[in-house]
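Here's the structure we're looking at; comments come further down.
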Amino acid sequence: PTFKSLSHTEARRTASAQGARIATMPGILMETFVRAMIADYHRIASLSEKVAEALSGAKMARVKTAKGTDIVMSLEGRRGIADTGLFHQPGAFGNLPAGEGYIAPVEGTAEGTIVVDGSMGQSGVLSSGEYITLHVKNGMVEKIEGGRAAAWLMSILAEQPPEAKNIAELGIGTNYAARLCGSILEDEKVLGTAHIAIGDNASMGGNVHVPIHLDGIILSPTIWLDGKTIMRDGKLLIE
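By the count of this note's numbering, the sequence shown reaches residue 269 at its end, each step adding exactly one.
See the structure below:
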């Protein structure tokens, strides 16, 4: 699919379970094809797998930025997943362009503040006056602040069940060729960024089934796993 995202749907999950190999490219731009699709995907796969392994081995994660993000969450018992771009086996699934390691935090455990300063959903690249601030308690977004993009997000969530405010994913970009461009498909893969999603997490080992999954891109984060720094101000320390 290249228009609507099927990633977090029962249709996609059923097809994968039956052995279909699926690459999703929702909203892909020509510039993304030219830039991020010609990267060395074996190199990206190797880094993505290392990030996923680090996430799998951790019990707690903390993400912090100079813009105001400071959030902690439990990863205990959850498995990190590598988005490698290499779909060679039956049932393989992921994005193109690819490049991230990600995990579903334990529901109800996320606490703190997220300042989305990259992009979120269809917001485009956010300017300084358009950052989206999410206040999180007991694993759920309880308050949203910001400008136009924040108002858009609130309108989307108003039409969804309460579980759509679930903190669904922590992801770390691993694609060195990707650039922040306002297309979430590419933005979440940018090396030096993290993303935290709200909504559905059933496709990544979680327990929340809702119609939406929205990623918020966080620039230049510092990330700790069980107190160990794995990214400092956007520099990934896993090699």
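We put the CB at the ideal spot given by N, CA and C, even for glycine. Since the model is a prediction, treat every value here as computed from it, not as a measurement.
Along the chain, which unbroken stretches of the beta strand (DSSP E) at least 3 residues long are found entirely within the segment 131 to 157? Fully enclosed beta strand (DSSP E) runs of 3 or longer: 141 to 146.
For the alpha helix (DSSP H) that Phe63 lies in, which residues bound it at each end? Counting from one through the sequence shown, the residue named residue 63 turns up at place 33. Residues 60 to 66.
8 Å Cβ cutoff met for Gly129 and Asn205: Here residue 129 is taken as the residue at index 99 of the sequence shown, counted from 1. Here residue 205 is taken as the residue at index 175 of the sequence shown, counted from 1. Closer than 8 Å, so yes.
What does the alpha-carbon distance come out to for the pair Ile58 and Gly212? Numbered from its first residue, the sequence shown carries residue 58 at position 28. Numbered from its first residue, the sequence shown carries residue 212 at position 182. So the alpha carbons of these two residues sit roughly 11 Å apart.
What is the rounded straight-line gap between the Cα of Pro31 and the Cα of Lys94? Walking along the sequence shown from the start, residue 31 turns up at place 1. Walking along the sequence shown from the start, residue 94 turns up at place 64. Residue placement at Pro31 is flagged as unreliable, the pLDDT there being 42, under the threshold of 50; the coordinate-derived value follows with that caveat. Near 34 Å, if we compare the C-alpha coordinates of Lys94 and Pro31.
Flag this pair as yes or no: are the beta carbons of Gly142 and Gly169 separated by less than 8 Å? Position 112 of the sequence shown holds residue 142. Position 139 of the sequence shown holds residue 169. Not a contact, by the Cβ cut-off of 8 Å.
Kindly indicate the opening and closing residues of the alpha helix (DSSP H) around Thr44. Residue mapping note: residue 44 aligns to position 14 of the sequence shown, counting from 1. Note, Thr44: alpha helix (DSSP H), 40 to 47.
In angstroms, rounded to a whole number, what distance separates the CA positions of Ala208 and Lys167? Reading the sequence shown from its first residue, position 178 is the one you call residue 208. Reading the sequence shown from its first residue, position 137 is the one you call residue 167. Cα to Cα, the separation comes out at about 32 Å.
Should Arg108 be labelled buried (16 or more other beta-carbon atoms within 10 Å of its own) or exposed? Locating residue 108 in the sequence shown gives position 78, where the first residue counts as 1. So Arg108 ends up on the buried side.
DSSP state of Ala91 mapped onto helix, strand, coil: Taking the first residue of the sequence shown as position 1, residue 91 is located at position 61. Ala91 sits in a strand when the DSSP states are folded into three classes.
Best match in Lys89, Ala112, Thr54 for proximity to Val102 [C-alpha to C-alpha]: The sequence position of residue 102 within the sequence shown is 72, counting from 1. Out of Lys89, Ala112, Thr54, Lys89 has the C-alpha closest to the C-alpha of Val102.
Can you check whether the CB of Asp230 is closer than 8 Å to the CB of Phe198? As a position in the sequence shown, residue 198 is number 168, starting the count at 1. As a position in the sequence shown, residue 230 is number 200, starting the count at 1. Per the sequence presented here, residue 198 reads as Ala, with Phe not at that position. Yes, the pair counts as a contact, with Cβ atoms nearer than the cut-off.
Own chain residues within Cβ distance below 6 Å of Ser86, not counting five before or after: Taking the sequence shown and counting its residues from 1, the one referred to as residue 86 is at position 56. Closer than 6 Å at Cβ, skipping near neighbours: Arg109, Gly110.
By alpha-carbon positions, which one of Gly235, Leu210, Arg51, Asp217 ends up nearest to Leu105? The count along the sequence shown starts at 1 and reaches residue 105 at position 75. Of all alpha-carbon atoms in Gly235, Leu210, Arg51, Asp217, the one lying nearest the alpha-carbon of Leu105 is that of Gly235.
Take the Cβ of Gly124 as the centre, count every other Cβ of all protein chains shown within 10 Å, and call the residue buried at 16 or more, exposed below. Counted from its first residue, the sequence shown places residue 124 at position 94. Flag for Gly124 reads buried.
Backbone secondary structure at Pro31 - three-state DSSP: Position 1 of the sequence shown, counted from the start, is the residue given in the question as residue 31. Legend: pLDDT at Pro31 = 42, less than 50; position of this residue unreliable, no value from coordinates given.
Kindly give me the distance between the Cβ atoms of Glu190 and Ile242, rounded to whole angstroms, as I take these residues to be in contact under 8 Å. What you label residue 190 is simply residue 160 of the sequence shown in a count that begins at 1. What you label residue 242 is simply residue 212 of the sequence shown in a count that begins at 1. A small fix is needed here, since residue 190 is Gln in this sequence, not Glu. Between Gln190 and Ile242, the beta carbon gap of about 6 Å places them in contact (Cβ cut-off 8 Å).
Alpha carbon of Asp245 to alpha carbon of Leu267, nearest angstrom: By 1-based counting over the sequence shown, the position of residue 245 is 215. By 1-based counting over the sequence shown, the position of residue 267 is 237. C-alpha separation (whole angstroms): 23 Å.
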